[in-house]
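A quick write-up on the structure given underneath.
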Amino acid sequence: MTVFRKIIDREIPADIVYEDEYCLAFRDVNPQAPTHILLIPKQEISSLAGITGDDHSLMGHLLLKAAEVARSQGLEENGYRVVINVGSDGGQEVYHLHLHVLGGRAMTWPPG
Ligand code: 5GP
1 MTVFRKIIDR
11 EIPADIVYED
21 EYCLAFRDVN
31 PQAPTHILLI
41 PKQEISSLAG
51 ITGDDHSLMG
61 HLLLKAAEVA
71 RSQGLEENGY
81 RVVINVGSDG
91 GQEVYHLHLH
101 VLGGRAMTWP
111 PG
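Quick note on our numbering: the sequence shown kicks off at 1 and runs consecutively.
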């Protein structure tokens, strides 16, 4: 069981900013930008590499909600970044699919 499942189940606390039937959004405990929110599906999917055609509408839902969360956090005017780390080379630490929504400062490219 990952730490994100425990957050969904309210076994450990998190600063939740959005929730619906399919997903949960909460502030990253170790923020890499002034606003750093994690958006996760409630369904257990280990990583982007684990999605299938059955996840078509869920993945669309997550992107729509990432944009909505960014808007609600006031990030739309200046922009923001949405990141999904995949596997070891991608820098993924928690194996429960999550989108990082980062904003409040100018991002650099290429990423580290
Ligand atoms: P990854 O490296 O897997 O893409 O990102 C995992 C993220 O989860 C990291 O940014 C890390 O700070 C965050 N994180 C890990 N454990 C917790 C936790 O218990 N609570 C919250 N809110 N974020 C966490």
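Don't be surprised by glycine CBs; every beta carbon is placed ideally from N, CA and C. Remember, it's a predicted structure, so these values are computed and weren't measured experimentally.
CB-CB length for residue i against residue j, believed under 8 Å
i: H96; j: I40; result: 6 Å
i: K65; j: A33; result: Not quite, the Cβ-Cβ distance comes to about 19 Å (not below 8 Å), so this is no contact.
i: V3; j: I16; result: Not confirmed; about 14 Å, so no contact.
i: S47; j: G87; result: 6 Å
Contact under 9 Å by Cβ, residue i with residue j
i: A14; j: R27; result: yes
i: H23; j: H61; result: It should be noted that the sequence gives Cys, not His, for residue 23. Result yes, Cβ atoms of C23 and H61 sit closer than 9 Å.
i: I45; j: V69; result: no
i: Q73; j: T108; result: no
i: G50; j: Y80; result: no
Distance cut-off 8 Å: residue i Cβ against heavy atoms of ligand 1
i: L38; result: yes
i: R27; result: yes
i: G91; result: yes
i: N85; result: yes
i: D15; result: yes
i: Q73; result: no
Given residue i as reference, the closest of the options once Cα atoms are compared
i: P110; options: I7, S72 and V83; result: V83
i: Y106; options: D89, Q92, N78 and G91; result: For the sequence presented, residue 106 should be read as Ala rather than Tyr. Considering only alpha carbons, the answer is N78.
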